[in-house]
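Q: In our numbering, the protein residues as written are 12 to 156. Even for Gly, the Cβ is constructed at its ideal location relative to N, Cα and C. Every value quoted in this text rests on a predicted model; they were computed, and no experiment measured them.
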């Protein structure tokens, strides 16, 4: 378990629980706030903003790893030679082997990138949920001021 009861990277969603003040509770990707006054709403907003900052840091770490993977692929592509030309039957065979090899490399790259892309998407969904809850709480605090 990480900060604020969040599951660690790769486990998806927030863990089931509440924040320290008990104003904000979460279950999976759902976030709820139990506030009865403008001051409680403001406190919940502060907690949500801290959670959002932590998610933003997680997202940057995932994006950094994606950049590393993509940079490694660019280096491999830069070192790779061109496809063989000519050669009739033998050339056709060699090109088909080269194409199969390139297709395999492309597939392995997609497989390496996919989990990070999914994690980044999960984090973005959580951040959107937090933004929506912040907007609701701000409206609530304005209404009861």
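On the three-state DSSP scale, how would you describe residue 41?
A: Three-state DSSP puts residue 41 in a strand.
Q: From the DSSP output, in three-state form, read off residue 46 for me.
A: Looking at residue 46 - three-state DSSP - the assignment turns out to be coil, as it is neither helix nor strand.
Q: Exposed or buried, which one is residue 113 when buried takes at least 16 other CB atoms within 10 Å?
A: Looking at its Cβ environment, which holds fewer than 16 other Cβ atoms inside 10 Å, residue 113 is exposed.
Q: So residue 100 is in the alpha helix (DSSP H); what residue range does that whole segment cover?
A: Its alpha helix (DSSP H) spans residues 99-154.
Q: Just verifying my parser: in three-state terms, what is the DSSP assignment at residue 92?
A: It is coil, neither helix nor strand.
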